[in-house]
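Inspection log for the structure reproduced underneath, given as structure tokens.
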Amino acid sequence: MADYLDEIEGRTDAGKPEVGDVAIANYTINFGPQHPAAHGVLRLVTELDGEIIERIDPHVGLLHRGTEKLIEYKTYTQALPYFDRFDYCSPLGMEHSFVLAVEKLLDLEVPLRGQYLRVFFAELTRICNHMLNLGSHVMDVGAMTPNLWMFELREDCLNFFERASGARMHSNYFRVGGVRQDVPLKLLTDIADWLDTRLPRLFGDAISLVAENRIFKQRNVDIAVVSRDDAIKWGFSGPMIRAAGIPWDLRRQQPYDVYDRMEFDIPVGTRGDCYDRFMVRVEEVYQSARIMKQCLAEMPEGPVLTLDRKVAPPKRGEMKQSMEALIHHFKLFTEGYHVPAGEVYVATESPKGEFGVYLVSDGTNKPYRCKVRPTAFSHLQAMDFMSKGHMLADITAILGAMDIVFGECDR
Amino acid sequence: MRAPAPAYTSNEGVIEAAQAALGALLVESKDAVGEVSLTVARESLIEAMIALRDTPGLEYQQLSEIAGADYPSRPERFDVVYQLLSFTRNHRIRVRVTTDEEKPVPSVTGIWPVAGWLEREVYDMYGVLFEGNTDLRRILTDYGFVGHPLRKDFPQTGYVELRYSEESKRVVYEPVKLAQDFRNFDFLSPWEGAAYVLPGDEKAAAPPPPPAPTPAPAPAPAPAPVASQPEAKGAPTPLTADAIVKADAPAAKATKARVRKPKTTDSTAESGAGKPGPEAGPAPADPDVVKKPRKPRVKKTPEGEA
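One line per chain: the protein sequences are V and G, in this order.
Counting from 1, position 2 in the first sequence corresponds to residue 2 in the UniProt record's numbering; the numbering is continuous, with no gaps.
Counting from 1, position 201 in the second sequence corresponds to residue 201 in the UniProt record's numbering; the numbering is continuous, with no gaps.
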């Protein structure tokens, strides 16, 4: 009672606790596993001092489905659809690593049009992924409209995937030796129109709402600054390492398919904060569109899937004429193809970073071991040191700028 | 290399540089499928990694990945495979150590903090221990999970399944119940190195029985010396060629009997379809089979014409 009287008479200040006040112990809260800003099922055990983050212990694995174990029991053809389910926001980026790894073991040549189509759709996947990530990032820090606009664009992308492969999200479109089927010319012209008109206008509008916005900058600039050394030590890749100022892009440094023929710029950040990560992704969307336009201009005619009948099935019409084709079809869809014994680690630049596949073959039709290197694992692990000293509300901005999808993180 | 896989700097001279830098720490090195892999002694993993990171000409700054692999037939059954990446030289390399369930692998968290979770995952999936990792908890499996699921002797279906129990109002674990046995189809060709014995072939592996004093194979149409042809080609069988010929002999006769009347008709009109054949009466051996369908047919024909 006396304290209370002191306070109303102005002798003490409740806003400024003095010596003798009760010491406030750190307390621990659970962020997630069911939280809309956790981008899936992430549980962050967060130790707070007031509103300042002292320590974060991310608990992952709530979406663990044992995919690597399942793949060991499946033929190479059957293993491919699992890769769509890793990072379900950019399925073709995942497939790309796997088909390249198997092709490397088989030493299989891929027709040029197949390579162009793979690069073309991998870049469309990148745009599609960044639409989701940029949109949810801005929504996590309080803006609503850009997210809705970018979902419009994402919807367009998904429609294009559907027209190419028959599925909106889990395309299962890439094959060892090329892609499943050729695309109609109308689809390519529609995408070209979309790249010229709708994408730059809508995306430019959406980004113009936030890129120079004062509130958006206050929420992102100087949040979770990562130095170059830290980015290397913590295994960063993709936009995360580029935002830290290292111009490292596997499409440029270790080109696969026809990326060595493409001209594009690699955006890098200067400060390594959340705002840089955001802007790096924004620029990557434009660069992806640039690559796609080059693909459209240069794509040759020809087969899209290897003609090696020991790996790729024959056309349906051919099967009705040729006994040989029928036998190949039957063997490929029962036994599958045998991959020479050996081991490879193939990493590609998925929209989220370096997505690697470590594939061990024992010469049979099933992988002996297929280890997936998720991008999110190393990024999320750095969550602890990145968010130390920031406010609780910054967690959403840091997570949003990391671009984490739990299908891939937990596998 | 014809495959369009990611292309980095050539492997030329990498093994030599690694041999010079690692010396006796290096157990084995090979360059296969365009990738260099080094096997180092487990106890000296940390020195080897520091040498690989800091030696000019190697400069593997980043640890991309740690993968486990299980080879149950080996005495040290587990591989722990580190993928290193050099930014300055644009090169990848693979470093491998072997271990078993008990011998711990030195942790590389001191060199690359990213190894913390990667080692936790290998521990979770394979049960490999890492000495020096201060936070070696499970990471991907459930709280309280038992076993290491990526070991080859861990069944694909696992041991427990969980469901929401309406009675106890929470999720409960139960031993896994399979409505159908787990099926793992084997498509390996038995002629191309399947590692098991086909059912019925068990005797083939046994030594052939001592040659019985058989009479000379006079009646055989294709006489062959018994001793020089112990097994028929393709399918291993304990039978001698002699016995096969004997067993085939009646079959060959039956085949002959069947093709005695070669089919010579070209059009359906002369094929005799629907007409009683010349041998229709006496030929069927079993009257129950043929007579019953024939009776209605005889009745039907006049009705159809009328």
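We put the beta carbon where it would ideally sit given N, CA and C, even for glycine.
- Item | Contact with chain G by Ala347/V, beta-carbon distance below 8 Å | At least one C-beta of chain G is nearer than 8 Å to the C-beta of Ala347/V.
- Query: Unbroken alpha helix (DSSP H) runs of length 4 or more, entirely within the stretch 291-351 of chain V: which are they?
  - Reply: Along the length of the stretch 291-351 of chain V, whole alpha helix (DSSP H) runs at least 4 residues long occupy 316-319, 323-334, reported in chain order.
- Query: Could you give the distance in angstroms between the alpha-carbon of Asp182/V and the alpha-carbon of Gln78/V?
  - Reply: So the two alpha carbons sit approximately 21 Å from each other.
- Check whether the stretch 160-179 of chain V touches the stretch 89-108 of chain V, counting contact only when three or more Cβ pairs, one atom from each stretch, lie closer than 8 Å. Taking 8 Å as the limit for Cβ pairs, the verdict is that the stretch 89-108 of chain V does touch the stretch 160-179 of chain V.
- Taking 8 Å as the CB-CB cut-off, is Tyr337/V touching chain G? Taking Cβ atoms only, chain G never reaches closer than 8 Å to Tyr337/V, which makes this a no.
- Query: Between Asp410/V and the rest of its own chain, which residues show a CB-CB distance below 6 Å, the 5 nearest in sequence each way excluded?
  - Reply: Excluding positions up to five away in sequence, the list reads Val60, Gly61, Leu63, His64.
- Query: When burial is assigned at 16 or more other CB atoms within 10 Å of the CB, is Phe377/V buried or exposed?
  - Reply: Residue environment: Phe377/V is assigned as buried (16 or more neighbouring CB atoms within 10 Å of its CB, all protein chains considered).
- Task: Could you check if Trp194/V is buried or exposed, using at least 16 other CB atoms within 10 Å of its CB as the buried criterion?
- Result: Trp194/V should be labelled buried.
- Does the Cβ-Cβ distance between Pro247/V and Val226/V come in under 8 Å? No. Outside cutoff.
- Message: Please state the DSSP three-state secondary structure of Gln83/G.
- Response: Here Gln83/G sits in strand by DSSP.
- Task: Give a yes or no on whether the minimum CB-CB distance between Asp107/V and chain G is below 8 Å.
- Result: So, interface residue.
- Query: Listed in chain order, which residues of the stretch 38-57 of chain G have Cβ atoms closer than 7 Å to some Cβ of chain V?
  - Reply: Within the stretch 38-57 of chain G, no residue qualifies.
- Task: Check whether the Cβ atoms of Ile66/G and Val81/G sit closer than 8 Å, and answer yes or no.
- Result: Yes.
- Query: Which residues in chain V sit within 9 Å of Trp191/G, going by Cβ to Cβ distance?
  - Reply: Chain V residues near Trp191/G: none, gap ~13 Å exceeds 9 Å.
- Message: Would the stretch 104-121 of chain G count as touching the stretch 129-147 of chain G if we require 3 or more Cβ pairs under 8 Å?
- Response: Result yes; three or more Cβ-Cβ pairs closer than 8 Å.
- Query: What in chain G is Cβ-close to Asp87/V, meaning under 7 Å?
  - Reply: Per Cβ cutoff of 7 Å: no residues; Asp87/V is ~16 Å from chain G at best.
- Three-state secondary structure (DSSP) of Gln78/V: Here Gln78/V sits in helix by DSSP.
- Quick one: give me the first and last residue of the beta strand (DSSP E) that Arg271/V is part of. Annotation: Arg271/V is outside any beta strand (DSSP E) and is labelled neither H nor E by DSSP.
- What does Glu103/V touch in chain G if you count any residue whose Cβ is under 8 Å from its own? Result: Ala3, Pro4, Ala5.
- Task: Pull up the distance between the alpha-carbon of Val176/G and that of Phe182/G, whole angstroms please.
- Result: Each residue's CA atom was taken as its position, placing Val176/G and Phe182/G some 12 Å apart.
- Is it a yes or a no for the stretch 359-370 of chain V touching the stretch 385-398 of chain V, going by three-plus beta-carbon pairs under 8 Å? Fewer than three pairs of CB atoms, one per stretch, sit closer than 8 Å, so the stretch 359-370 of chain V makes no contact with the stretch 385-398 of chain V.
- Query: Under a three-way DSSP split, which group does Tyr259/V fall into?
  - Reply: Of the three classes helix, strand and coil, the one that applies to Tyr259/V here is helix, per DSSP.
- Task: Going by CA-CA distance only, name the one from Glu408/V, Val110/V, Leu124/V, His328/V that's closest to Glu284/V.
- Result: Of the candidates Glu408/V, Val110/V, Leu124/V, His328/V, the residue whose Cα lies closest to the Cα of Glu284/V is Leu124/V.
- Quick one: what's got a C-beta closer than 7 Å to Ile139/G's C-beta in the same chain, skipping five residues either side? The beta carbon of Ile139/G lies closer than 7 Å to those of Trp117, Arg120, Glu121, Asp124 in the same chain, with the five residues before and after it left out.
- Item | CB contact check: Pro75/G to chain V, cutoff 8 Å | No - not a single Cβ of chain V is within 8 Å of the one on Pro75/G.
- Item | Contact the stretch 102-118 of chain V vs the stretch 302-312 of chain V: 3+ CB pairs below 8 Å | Here the stretch 102-118 of chain V makes contact with the stretch 302-312 of chain V; the two share three or more CB pairs at distances below 8 Å.
- Item | Sequence-distant residues of the same chain with beta carbon closer than 8 Å to Lys104/V, five excluded per side | Its chain contains Val344, Val346 as the residues whose beta carbon lies nearer than 8 Å to that of Lys104/V, once the 5 sequence neighbours on both sides are disregarded; these appear in chain order.
- Message: Arg242/V and Ile223/V - do their beta-carbons sit closer together than 8 Å?
- Response: No, the pair does not count as a contact, with Cβ atoms beyond the cut-off.
- Task: Could you tell me whether the Cβ of Ile232/V comes closer than 8 Å to any Cβ of chain G?
- Result: For Ile232/V, the closest Cβ of chain G is nearer than 8 Å.
- Taking 8 Å as the threshold, find out whether the stretch 144-163 of chain V comes into contact with the stretch 205-220 of chain V through three or more Cβ pairs. Yes, the stretch 144-163 of chain V is in contact with the stretch 205-220 of chain V.
- Message: Please report the straight-line C-alpha distance between Ala32/G and Gln321/V, rounded to a whole angstrom.
- Response: Inter-residue distance for Ala32/G and Gln321/V is about 41 Å (C-alpha atoms, whole angstroms).
- Among Thr348/V, Asp362/V, Lys366/V, Leu359/V, which residue has its Cα nearest to the Cα of Pro4/G? It is Thr348/V.
- Taking the continuous alpha helix (DSSP H) assigned at Thr189/V, which residues delimit it? Counting along the chain, the alpha helix (DSSP H) containing Thr189/V begins and ends at 185-193.
- Query: Across which residues does DSSP place Gln62/G in a beta bridge pair?
  - Reply: Paired residue(s): Leu85/G.
- Query: Roughly how far, in whole angstroms, is the beta-carbon of Ser90/V from the beta-carbon of Ser288/V, given that I think they are within contact range, below 8 Å?
  - Reply: Not quite, the Cβ-Cβ distance comes to about 11 Å (not below 8 Å), so this is no contact.
- Using a Cβ cut-off of 8 Å (strictly closer), state whether Glu318/V contacts chain G. So, not an interface residue.
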